[in-house]
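Here is the structure we will look at.
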Amino acid sequence: MTHHVSVSHHDKLIQELRDAPDFASAYLAAALDEAEEPGGREALLLALRQLTEAHGGMTQLAEQTGMRREALYRALSPRGNPTLTTLLAVFNALDLKLALTPRHAHAA
Numbered sequence: 154m155t156h157h158v159s160v161s162h163h164d165k166l167i168q169e170l171r172d173a174p175d176f177a178s179a180y181l182a183a184a185l186d187e188a189e190e191p192g193g194r195e196a197l198l199l200a201l202r203q204l205t206e207a208h209g210g211m212t213q214l215a216e217q218t219g220m221r222r223e224a225l226y227r228a229l230s231p232r233g234n235p236t237l238t239t240l241l242a243v244f245n246a247l248d249l250k251l252a253l254t255p256r257h258a259h260a261a
């Protein structure tokens with residue numbers, strides 16, 4: 154008799170974010186690209202919460218950033234509005250850096 158173990162989509166995503174840094178970076182970059190779209194800001198904050206979960210959770214993030222856990226929960230909540238300082242600290246703790254590219258390519 155074969156037993157199939159079911160893994161939820163959420164658990165699979167968290168594992169992939171933990172185990173594949175290039176995937177995690179691309180996942181967050183896609184969320185950043187969509188941040189100005191309707192619902193995009195909330196999706197970006199969700200992606201940050203998922204990355205946080207993949208990297209040990211909010212308590213560990215608080216320790217790594219030197220910020221209070223409650224402040225991080227509030228900043229990254231669906232209605233959160235994190236400051237640039239908070240975002241940079243979170244990116245650093247997640248071993249990511251913010252990189253900018255031109256919105257539109259210029260014709261040569």
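Positions in the sequence shown are counted from 1; adding 153 to them yields our numbering. Ideal Cβ placement from N, Cα and C applies to all residues, glycine included.
Query	Result
How is the alpha helix (DSSP H) around Ala183 delimited, first residue to last?	174-186
Give the single residue among Ser161, Ala215, Glu189, Gly193 whose Cα lies nearest to the Cα of Leu247.	Ala215
Look up Gly193 in the DSSP assignment and say whether it is helix, strand or coil.	helix
What number of angstroms, rounded off, separates the C-alpha of Glu189 from the C-alpha of Thr212?	29 Å
Can you list, in chain order, the residues of its chain whose CB lies under 7 Å from that of Gly233, leaving out five sequence neighbours each side?	Leu198, Arg227
Give me the Cα-Cα distance between Ala179 and Pro255, rounded to the nearest whole angstrom.	17 Å
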